[in-house]
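**Student:** Under this note's numbering, think of the first position of the sequence shown as 677, with each following residue one higher.
Positions of the beta carbon are idealized from the N, C-alpha and C atoms, including for glycine.
Below you will find the structure I want to go over with you.
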Amino acid sequence: MRIVYLLLTFVCFTLCVNAQYGPLSLPLGIDVTGIDKKSVREPSKNEDATRYLEKTVKEDPENLVKIEKLLNAGASAYVTYEMIDKKQYEVMELMYKNNSKLIRYSQMLHYACANCTDTAMIDFLIGHGASLDLCGSYCERVNGTVLRGVAELSTTPYFWNKDSKYYYTPQDIAYRRGNKTILCYIIKKYKKYPTTVGLADYIYQTLANDRKVNRLINLLNGDEDFYNIVNKGKGNDSKSLAQLLNTELPTIKGGLNQSFGYCNILCRAIERLGVYRNNGNTEVAAKYEELVRLLIDKGAQVNLSVRQIATLQINSHGYANGYGSGTFNSPMLTAMKYHNMMDIVKLLKAKGAPLTVQYLAPGCVLKERNIEGEAILDEYKEAILLGEL
677 MRIVYLLLTF
687 VCFTLCVNAQ
697 YGPLSLPLGI
707 DVTGIDKKSV
717 REPSKNEDAT
727 RYLEKTVKED
737 PENLVKIEKL
747 LNAGASAYVT
757 YEMIDKKQYE
767 VMELMYKNNS
777 KLIRYSQMLH
787 YACANCTDTA
797 MIDFLIGHGA
807 SLDLCGSYCE
817 RVNGTVLRGV
827 AELSTTPYFW
837 NKDSKYYYTP
847 QDIAYRRGNK
857 TILCYIIKKY
867 KKYPTTVGLA
877 DYIYQTLAND
887 RKVNRLINLL
897 NGDEDFYNIV
907 NKGKGNDSKS
917 LAQLLNTELP
927 TIKGGLNQSF
937 GYCNILCRAI
947 ERLGVYRNNG
957 NTEVAAKYEE
967 LVRLLIDKGA
977 QVNLSVRQIA
987 TLQINSHGYA
997 NGYGSGTFNS
1007 PMLTAMKYHN
1017 MMDIVKLLKA
1027 KGAPLTVQYL
1037 APGCVLKERN
1047 IEGEAILDEY
1057 KEAILLGEL
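What follows is the structure, given as structure tokens:
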């Protein structure tokens, strides 16, 4: 039966192979058709010229005449973050004239949004092809039909766009790093806001730092800047925050056989609450309980079913075949894996969370079964059997 399951799932993937690709989970991204996945730096026409160019840029960057001559002699043009730090506009200009793809397809703008307060640098990079829609450090996904629960076809990030410190859009990076000067400038001049998935990821990642739980509570309780960005970025849609809180975020762990799945903000907050209740840290647990209740009040869905981990096997062409791992996660399933969470379980049930889970059956068919058949603690199984839940 398992062999049949794998074969059917493989067929599901095969049907999607010829679909168009784009950034994983982000409906943005500039056209990368025909761009070399390994590098946007052109192959060196003259190795000696390239060696001399790199030495000159490092030791004598003011010698623009020599740099231009070396480029004309066949040296391979390149750009670096250091050029931004040192504001080497003339050097970048010469590199751009030699290879116009360098700035457009690199994470130079992401780096500037994280580390600069110089708006002139932002204008320079955008004026030389950098895009506020370039999704940094991404894996690809199929934009065609992929059945829910089956891992999307994924590859490793583009080599020229692989810096994992700078992922999603440049304005997402500016918000994440607290660079208000640059973020406000981009919003005012270019009318580009942080993305929903970028903001959701910021909240999710902040949940990994227990010292910042108060920051999240304050953020959701009415931080003016946060709500202005969320609402204005989505056309003043009153449902924007709920959409953000219910965004599924991709999780990918590298290696030849990659681990791939989705995570959810509410599930993560419940998990942290469960951990601290289990280890007796009542002070931190109280903060996470406050956050869990606040998330639900602000529109986090209690009946959300979150796609679980799948295995991706990367083939020789860099593409991946994979299969789902079965049961989907949910806020209720998360809560029932920890002791002393009956109040949260009853809260979730009162808000409409089902006592069932979704799972992927053979043939990529999505089905449902009772939650007591899952790996939950006995105290919750017993309560279900006694009709107390």
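For the structure I just gave you, are there three or more beta carbon pairs, one from the segment 703-714 and one from the segment 723-731, closer than 8 Å?
**Tutor:** Verdict: no, contact absent.
**Student:** Whose C-alpha, out of Ala1026, Ser1006, Ser813, Asn890, is nearest the C-alpha of Ser782?
**Tutor:** Ranking the options by Cα distance to Ser782, first place goes to Ser813.
**Student:** Evaluate Cys860 with the Cβ neighbour count: other Cβ atoms within 10 Å of its Cβ, from every protein chain shown; 16 or more gives buried, anything less gives exposed.
**Tutor:** The residue is exposed, with fewer than 16 neighbouring Cβ atoms inside 10 Å.
**Student:** Determine the burial state of His804: buried for a count of at least 16 other Cβ atoms within 10 Å of its Cβ, exposed for fewer.
**Tutor:** So His804 counts as buried.
**Student:** Give me the Cα-Cα distance between Ile863 and Ile879, rounded to the nearest whole angstrom.
**Tutor:** Rounded to whole angstroms, Ile863 to Ile879 spans 21 Å at the Cα level.
**Student:** Determine the direct distance from the alpha carbon of Pro737 to that of Gly772, and round the result to whole angstroms.
**Tutor:** The question names Gly, yet the displayed sequence has Tyr at residue 772. Taking the straight line from one Cα to the other gives about 15 Å.
**Student:** Look up Ser752 in the DSSP assignment and say whether it is helix, strand or coil.
**Tutor:** Of the three classes helix, strand and coil, the one that applies to Ser752 here is coil, per DSSP.
**Student:** Under the assumption that Pro1007 contacts Leu942 (Cβ atoms under 8 Å), give the Cβ distance between them as a whole number of angstroms.
**Tutor:** So it is a contact: roughly 5 Å between Cβ atoms.
**Student:** How many whole angstroms separate the CB atoms of Val708 and Leu778, which I take to be in contact at a CB cut-off of 8 Å?
**Tutor:** Incorrect: roughly 14 Å between the Cβ atoms, too far for contact.
**Student:** Taking 9 Å as the threshold (C-beta atoms), are Arg780 and Ser807 in contact?
**Tutor:** Their beta carbons are under 9 Å apart, which means Ser807 touches Arg780 by this criterion.
**Student:** Determine the direct distance from the alpha carbon of Lys963 to that of Met784, and round the result to whole angstroms.
**Tutor:** About 38 Å.
**Student:** Starting from the N-terminal side, write out each stretch of the beta strand (DSSP E) that is 3 residues or longer and does not extend beyond the segment 844-930.
**Tutor:** DSSP runs (the beta strand (DSSP E)) wholly in the segment 844-930: 925-929.
**Student:** Within 10 angstroms of its Cβ, does Arg953 collect 16 or more other Cβ (buried), or is it exposed?
**Tutor:** So Arg953 ends up on the buried side.
**Student:** Less than 9 Å between the C-beta atoms of Leu770 and Glu744, yes or no?
**Tutor:** Against a cut-off of 9 Å, the Cβ pair of Glu744 and Leu770 comes out as a contact.
**Student:** Can you tell me whether DSSP reads Gly975 as helix, strand or coil?
**Tutor:** Three-state DSSP puts Gly975 in coil, outside helix and strand.
**Student:** Using the beta-carbon count (16 or more within 10 Å), is Thr958 buried or exposed?
**Tutor:** Classification for Thr958: exposed.
**Student:** I'd like to check one pair, Tyr842 with Tyr787: are the Cβ atoms closer than 9 Å?
**Tutor:** Taking 9 Å as the Cβ cut-off, Tyr787 and Tyr842 qualify as a contacting pair.
**Student:** Relative to the C-alpha of Ile972, which candidate in Thr1032, Glu1058, Asn922 has its C-alpha closest?
**Tutor:** The shortest Cα separation from Ile972 among Thr1032, Glu1058, Asn922 belongs to Asn922.
**Student:** How do the segment 847-855 and the segment 869-887 stand: do at least 3 beta-carbon pairs fall below 8 Å, yes or no?
**Tutor:** Contact between the segment 847-855 and the segment 869-887 is present, because at least three Cβ pairs lie under 8 Å.
**Student:** Roughly how many angstroms separate the alpha carbons of Leu895 and Phe902, rounded to a whole number?
**Tutor:** Using only the alpha carbons, I get a separation of about 7 Å.
**Student:** Is Ala1037 helix, strand or coil by DSSP?
**Tutor:** Residue state, collapsed to three classes: strand.
**Student:** Where does the unbroken alpha helix (DSSP H) through Tyr952 begin, and where does it stop?
**Tutor:** Looking at the DSSP string, the run of the alpha helix (DSSP H) that includes Tyr952 is 941-954.
**Student:** Applying the 10 Å Cβ sphere with the 16-neighbour rule, what's the burial state of Leu988?
**Tutor:** Caution applies to Leu988, whose pLDDT of 49 falls short of 50 and renders its modelled position unreliable; the value that the coordinates give is listed next. Buried, by the Cβ-count rule.
**Student:** With DSSP as the reference, label Glu1044 as helix, strand or coil.
**Tutor:** The answer is strand: DSSP assigns Glu1044 an E or B state.
**Student:** Which class does Asn791 belong to by DSSP, given the choice of helix, strand or coil?
**Tutor:** If DSSP states are grouped into helix, strand and coil, Asn791 belongs with the helices.
**Student:** Could you tell me if Gln764 is buried or exposed, where buried requires 16 or more neighbouring beta carbons within 10 angstroms of its beta carbon?
**Tutor:** Flag for Gln764 reads buried.
**Student:** Which two residues bound the contiguous alpha helix (DSSP H) that contains Tyr757?
**Tutor:** First-last of the alpha helix (DSSP H) with Tyr757: 757-761.
**Student:** Could you have a look at Asn1016 and say whether DSSP puts it in helix, strand or coil?
**Tutor:** Note: Asn1016 maps to coil in three-state DSSP.
**Student:** Would you check if the distance between the CB atom of Ala876 and the CB atom of Leu801 is smaller than 9 Å?
**Tutor:** The answer is no: Cβ separation not under 9 Å.
**Student:** Buried or exposed: where does Glu947 fall if 16 or more other Cβ atoms within 10 Å of its Cβ makes it buried?
**Tutor:** Buried, because 16 or more other Cβ atoms sit within 10 Å of the Cβ of Glu947.
**Student:** Considering only DSSP beta bridges, list what Val982 is partnered with.
**Tutor:** DSSP lists Asn1005 as partners of Val982.
**Student:** Using three-state DSSP, classify Thr1032 as helix, strand or coil.
**Tutor:** It is a strand residue.
**Student:** With DSSP as the reference, identify every bridge partner of Tyr938, one or two as the case may be.
**Tutor:** According to DSSP, Tyr938 bridges with Pro926.
**Student:** Specify, as a first and last residue, the run of the alpha helix (DSSP H) that Glu718 falls within.
**Tutor:** That residue, Glu718, is in no alpha helix (DSSP H); it is neither H nor E in DSSP.
**Student:** Do Asp839 and Asn791 count as a contact pair if the criterion is CB distance below 9 Å?
**Tutor:** Result no, Cβ atoms of Asn791 and Asp839 do not sit closer than 9 Å.
**Student:** By the three-class DSSP mapping on this structure, what secondary structure does Gly1078 have?
**Tutor:** With the chain covering only 677 through 1065, there is no way to say anything about residue 1078.
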